[in-house]
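First the structure, in the form of structure tokens, and then the observations on it.
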Amino acid sequence: MRIRILLACLLFQTSLSVLADSHTEAALAHIKATDLQTTFKITRDGVLARVDAYGVQLRSNPVVGKNHEAVKLTDDFISEAKRVAEEVYAWENVEGMYVSALKETYAEDELIQINSWLVSEYGKLFIAKQKKFMLKTIDITNVAGQLFKNRIDGAEKAYLERISKLSNFK
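Each residue of the sequence shown is one higher than the one before, starting from 183 at the first, in my numbering.
Here it is, written out as structure tokens:
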């Protein structure tokens, strides 16, 4: 408990010092213009969906599914994982990291110029379409991941069967 309070105080102090210069103001303006908070929320929601999917996978195990105590333990674990994900992926916990990353990547004058473009007609259009594009890239990544899983499952099964037949593993 003391460690959490100490870490919270340290993060608060760090966030106050991070928010004290014009370069930081330009970074915050960039975050606002690009709506990084919403983008990060999409990432968090994806993590939460994967945690839910993992819960379904765990509950589908015949040993778990037929045992009420195992189902309860699984539900408790998934609830805890979701609570931790909500906490870890809270915008308040990462905003300072985004500010630092922007400041380390761009000079202040670069951010100011980029931000000027972002609030223009084409900049706003870019941002609006970038969100759609990002969602499509997430879908593409998920499809590729599923294709990989589907294609490797048979090879994994064959591997496990061969491994189990080795004399050392009996």
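All C-beta atoms, glycine included, are put in the ideal place defined by N, C-alpha and C.
The beta-carbon distance between His-205 and Glu-292, rounded to whole angstroms, is 10 Å. This is too long to meet the 8 Å contact definition. Each of Asn-249, Glu-262, Val-276 and Glu-207 was checked against the Cα of Thr-221, and the nearest Cα belongs to Val-276. Contact check for Tyr-271 against Thr-225 passes: the beta carbons are separated by less than 9 Å.
The beta-carbon distance between Val-253 and Arg-265, rounded to whole angstroms, is 19 Å. This is too long to meet the 8 Å contact definition.
Under the rule that a run must span 4 or more residues, the alpha helix (DSSP H) segments found entirely inside the segment 245-270 read 250-270. Per the coordinates, the alpha-carbon of Arg-344 lies some 12 Å from the alpha-carbon of Gly-336. Sequence-distant partners of Thr-256 (beyond 5 residues in either direction) whose C-beta falls short of 8 Å from its own C-beta, in its chain, are Gly-237, Leu-240, Arg-241 and Val-246.
Here the alpha carbon of Thr-323 sits roughly 23 Å from the alpha carbon of Glu-268. Val-325 sits in a helix when the DSSP states are folded into three classes.
Residue environment for Leu-307: exposed (fewer than 16 other C-beta atoms within 10 angstroms of its C-beta). When DSSP assignments are scanned along the segment 285-331, no uninterrupted stretch of beta strand (DSSP E) that is 3 or more residues long falls wholly within it.
Using a Cβ distance threshold of 9 Å, Leu-284 and Ala-235 do not count as a contacting pair.
Taking all protein chains in view, the Cβ of Gly-327 is surrounded by fewer than 16 other Cβ atoms within 10 Å, so the residue is classified as exposed. Cβ atoms of Ile-309 and Asp-217 come within 8 Å of each other, at about 7 Å. The shortest C-alpha to C-alpha distance from His-212 to any of Ser-302, Ala-231, Arg-333 and Asn-332 is the one to Ser-302. Taking a C-beta distance under 9 Å as the contact criterion, Tyr-304 and Ile-296 do not qualify as a contact pair.
Per DSSP, reduced to three states, the secondary structure at Ala-272 is coil, with no helix or strand assignment.
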